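Protein chains in written order, with our numbering: chain Y, 178 to 392; chain A, 178 to 392.
Positions of the beta carbon are idealized from the N, C-alpha and C atoms, including for glycine.
Bear in mind the structure is a predicted one, so any value in this text is a computation, not a measurement.
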């Protein structure tokens, strides 16, 4: 099915937090059925190439009948191996130009930006979206940059030259304020992964997104 | 320059053990000038995608005027990004068939085998060589399988269907015995990386290799 690049409610999957690969696939199915618009596989833990491959394959299968694209974090080889819809890289990964060359023009490329300097250095013609964060302190990414807070988010949103999604400590309580910055979407990890009621967690976030978009 | 697949004296580079990327490049130049026939970049430590990329690029440049091929451990995307001569993968990496599809037929593919069962499962038509090990206990690979010792090495060498290189705890004292198994070459890490005299360490190992081949 054709995929759509809609950053509104972007789920970043942590396989461990989801209770393993099966739990992650189950989380994905429920979350996507209830409004998640993009999915990324990311693992901050020790996760072998084989695990990455089979986890990514399982997610691709789970999303095959949806318009929701699958992004692979950092591991360009895994994205190529399963023909993912996109790749998301950070400042310490393969350079953007090298990554674009590897994935070609038929996959989306997302790139993480943590401050003004990094934003000023973005090769806008090579990326499809940027992730801005962490907005608030996060417990799911060990090597995260310092939290930037709302004022800097608002500044970066004004300066960006492509769609963007905010990430880092985003939950039901701060989602509205973040979306009022004018950013296209919010990315969450623990606000969905590991929640007791995935459906309710997703629906609550979706409601915030829809309220913000209708304003 | 045309590369040759000669496993005789195969240097597996550990950037940390070499004192960083510059030290690793220096080690490589000296080792190759003194008889190393193949080089692999491997990092068992935390090493970002960016570090992998620039380390691999530097090694490729260092080997550009030689017949010595550069292999990249595990990270198929890095191998593609710098157009390395080959990839070496293990049992917990991307599957062999997936890796071969990603790298095509113009790069060599090495695959690690630690016991008889793994040897029996090798897709011989897809790999160019196998690494057999660890032969002896190793300090440079944390997730290494149990050391197999000489009797099992000898058995696996008899059963293999492609060239092979032995790895794991190999040094100047046990190199001759290992080569007497009939295996095509020896792979070393700490017998060269981090040695005070890289030239002497390499020449001593080369002498063992040449003695074994001339018998």
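Own chain residues within Cβ distance below 6 Å of residue 194 of chain Y, not counting five before or after:
370 and 371
Quickly, what does DSSP pair residue 188 of chain Y with across the bridge? List them, please.
Residue 188 of chain Y pairs with Y:216 and Y:365.
I need the DSSP call for residue 299 of chain Y, collapsed to helix, strand or coil.
coil
Determine the direct distance from the alpha carbon of residue 293 of chain Y to that of residue 308 of chain Y, and round the result to whole angstroms.
Whole-angstrom Cα-Cα distance: 13 Å.
So, using beta-carbon positions, are residue 380 of chain Y and residue 211 of chain Y closer together than 9 Å?
yes
Helix, strand or coil for residue 306 of chain A? Go by DSSP, reduced to three states.
Secondary structure at residue 306 of chain A: strand, using DSSP grouped into helix, strand and coil.
For the segment 247-278 of chain Y, which residues have a beta carbon sitting closer than 9 Å to at least one beta carbon of chain A?
251, 252, 253, 254, 255, 256, 257, 258, 259, 266, 267, 268, 269, 270, 271, 272, 275, 276 and 278
Sequence-distant residues of the same chain with beta carbon closer than 8 Å to residue 335 of chain Y, five excluded per side
359
Between residue 230 of chain A and chain Y, is there a C-beta pair that is closer than 9 Å?
yes
Assigned exposure category for residue 229 of chain Y - 16 Cβ within 10 Å defines buried
buried
Which word fits residue 217 of chain Y, buried or exposed, when buried means at least 16 other C-beta atoms lie within 10 angstroms of its C-beta?
Per the 10 Å Cβ criterion, buried.
Restricting to Cα atoms, I'd like to know which of A:214, A:260, A:222 and A:223 is closest to residue 234 of chain A.
A:260
In terms of residues, what are the limits of the alpha helix (DSSP H) holding residue 279 of chain Y?
273-280
Roughly how many angstroms lie between the CA atoms of residue 225 of chain Y and residue 392 of chain Y, to the nearest whole one?
44 Å
Taking only beta-carbon atoms, is residue 227 of chain A less than 9 Å away from chain Y?
yes
Determine, using beta carbons only, whether residue 187 of chain A and residue 214 of chain A come nearer to each other than 9 Å.
yes
Helix, strand or coil at residue 226 of chain A [DSSP, three-state]
helix
Please state whether the Cβ-Cβ distance between residue 364 of chain Y and residue 378 of chain Y is less than 9 Å.
no
Beta-carbon gap between residue 271 of chain A and residue 227 of chain Y smaller than 9 Å:
Here residue 271 of chain A is near residue 227 of chain Y, since their CB atoms are less than 9 Å apart.
Taking the DSSP output, what are the residues bridged to residue 269 of chain Y?
Paired residue(s): none; residue 269 of chain Y is not in a bridge.
Name, in chain order, the residues that DSSP records as bridge partners for residue 380 of chain Y.
Answer is none; residue 380 of chain Y lacks a bridge partner.
Cβ neighbours of residue 257 of chain A in the same chain (closer than 6 Å, five flanking residues each side left out)
none
Same chain, Cβ closer than 6 Å to residue 322 of chain A, five either side skipped, listed in chain order:
291
Starting from residue 255 of chain A and walking both ways along the alpha helix (DSSP H), at which residues does that stretch end?
Where residue 255 of chain A is concerned, the enclosing alpha helix (DSSP H) stretches over 253-259.
Nearest by alpha-carbon distance to residue 346 of chain A: which of A:326, A:181 and A:248 is it?
Checking every option, the nearest Cα to that of residue 346 of chain A belongs to A:326.
Can you tell me the Cα-Cα spacing of residue 273 of chain A and residue 386 of chain Y, whole angstroms?
43 Å
Take residue 314 of chain Y as the anchor and find which of Y:304, Y:231 and Y:348 has the nearest alpha-carbon.
Selection Y:304, Y:231 and Y:348 evaluated against residue 314 of chain Y yields Y:348 as nearest (Cα-Cα).
Use the C-beta contact count for residue 181 of chain Y: other C-beta atoms within 10 angstroms, 16 or more gives buried, fewer gives exposed.
exposed
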